[in-house]
Amino acid sequence: MESENKQNQPETPDELKEKGNQAVRQERYSEAVLHYSFAIKLSPNDPILYSNRSFAFLKLKQLYYANEDAEKAIQLKPDWAKAHFRKAEVHLAAANYDVSLLSYGRALQLQPNESILNAAKHCASLSTKQAYYESRVPWVGAGIGLVLGVIIVVSDQLTKTPALKHPILMLLLIVALAGICYGIARLYRYYTKLQTRGLLDPPIDILESFKKTTSDDVEGNNVDSTPNRNRYSKAQARQRFRKGLAK
Numbered sequence: 001m002e003s004e005n006k007q008n009q010p011e012t013p014d015e016l017k018e019k020g021n022q023a024v025r026q027e028r029y030s031e032a033v034l035h036y037s038f039a040i041k042l043s044p045n046d047p048i049l050y051s052n053r054s055f056a057f058l059k060l061k062q063l064y065y066a067n068e069d070a071e072k073a074i075q076l077k078p079d080w081a082k083a084h085f086r087k088a089e090v091h092l093a094a095a096n097y098d099v100s101l102l103s104y105g106r107a108l109q110l111q112p113n114e115s116i117l118n119a120a121k122h123c124a125s126l127s128t129k130q131a132y133y134e135s136r137v138p139w140v141g142a143g144i145g146l147v148l149g150v151i152i153v154v155s156d157q158l159t160k161t162p163a164l165k166h167p168i169l170m171l172l173l174i175v176a177l178a179g180i181c182y183g184i185a186r187l188y189r190y191y192t193k194l195q196t197r198g199l200l201d202p203p204i205d206i207l208e209s210f211k212k213t214t215s216d217d218v219e220g221n222n223v224d225s226t227p228n229r230n231r232y233s234k235a236q237a238r239q240r241f242r243k244g245l246a247k
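Using UniProt numbering, read the sequence shown as starting at 1 and increasing by one per residue.
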């Protein structure tokens, strides 16, 4: 009987949190998110639960939800270093290094720790590499365009009837290809940055239009579709009844 009563008793937030922690240790992150979510319903003001779920979302590459939980943990406990560390890790995964470094710095202020310091150094290194990469990529593209233009010009001159006979036209073609490839490289760099940071944007609600249509239908069904009829007060109705008898 006692074992049956224990089974029928609802789980506590601590028990659900421990189940979530166990799922994380076994790398079953989707299951961990479910356990933490149930625990949060029972204890919505516990910053540890949001921090743990943020970590699980991060492992699932769900950066928007991971960031939301990290922000909630900070809101509930602003002086907790681990909450700021969670936010830094999320923005690090999104290559948003400026925000990540600020969050690491705040975590270090609250709790000087070698692991946090090493994470901040790693973030700074990635930020430097990104700046170097972004400054070099367009010029690499221009170089590729330059080489491609030279190859085209040389190949054209080796034919019996070259299309490019004037040196200025040859030069213009080479410069044009270099400029085009430079622009393509810049666009590619911009696209990759947006694509990575876009992981922090809220997901698109594909059911939004469906919900709106359904709600409109429900509202429309509540409207009386019967044709308008003449409505009379009780006095008017009695008067019409008497007229009918008199006839």
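Heads up, the beta-carbon is just placed ideally off N, CA and C, and yes, glycines get one too.
Note to self: Considering just the uninterrupted stretch of the alpha helix (DSSP H) at P202, what are its terminal residues?
What the structure shows: Counting along the chain, P202 falls outside any alpha helix (DSSP H), and DSSP gives it neither H nor E.
Check: In three-state terms, what does DSSP make of T226?
Finding: Any reading at T226 must be qualified, since the residue scores a pLDDT of 48, below 50, and its modelled position is unreliable; the value itself is stated next. Coil at T226, not helix or strand.
Check: Just checking, does the segment 176 to 189 make contact with the segment 36 to 55 on the three C-beta pairs under 8 Å criterion?
Finding: Flag = no, the segment 176 to 189 and the segment 36 to 55 do not touch.
Item checked: Between the CA atoms of G141 and F124 - distance to the nearest angstrom -> Reading off the sequence, residue 124 comes out as Ala, not Phe. Whole-angstrom Cα-Cα distance: 26 Å.
Item checked: First and last residue of the uninterrupted alpha helix (DSSP H) at Q75 -> L63 to L76
Next item on the list: Determine the contact status of H122 and S103, defining contact as a CB-CB distance below 7 Å.
Entry: no
Next item on the list: Return the chain-ordered list of same chain residues with a C-beta closer than 6 Å to the C-beta of A88, the five sequence neighbours on each side being excluded.
Entry: Sequence-distant partners of A88 (beyond 5 residues in either direction) whose C-beta falls short of 6 Å from its own C-beta, in its chain, are S100, S103 and Y104.
Next item on the list: Assign V90 to buried or exposed, taking buried as 16 or more other Cβ atoms, counted over all protein chains shown, within 10 Å of its Cβ.
Entry: buried
Check: Do L200 and N67 have their CB atoms nearer than 7 Å?
Finding: yes
Item checked: Cβ contact (3+ pairs, closer than 8 Å) linking the segment 105 to 115 and the segment 126 to 134 -> no
Notebook entry, point to check: Roughly how many angstroms lie between the CA atoms of P138 and Q26, to the nearest whole one?
Noted result: 44 Å
Check: What three-state label does DSSP hand residue 251 in the structure shown?
Finding: Since the first residue shown for the chain is 1 and the last is 247, residue 251 is missing from the structure and cannot be characterised.
Margin query: Among the candidates T192, A32 and V147, whose CA atom is the shortest distance from the CA of L60?
Written below: A32
Note to self: In the DSSP assignment, the alpha helix (DSSP H) including N118 goes from what residue to what residue?
What the structure shows: N118: member of the alpha helix (DSSP H) spanning E114 to Q157, first to last residue.
Note to self: So the candidates are P203, L194 and I204; which of them puts its Cα closest to the Cα of A94?
What the structure shows: Measuring from the Cα of A94, the nearest candidate turns out to be L194.
Check: Per DSSP, what kind of secondary structure is K17 in: helix, strand or coil?
Finding: helix
Margin query: Quick check: the Cα distance between P13 and Q62, rounded to an integer number of angstroms?
Written below: 23 Å
Check: Less than 7 Å separating the beta-carbons of Y36 and P202?
Finding: No, they are not a contact pair.
Next item on the list: Could you have a look at D98 and say whether DSSP puts it in helix, strand or coil?
Entry: helix
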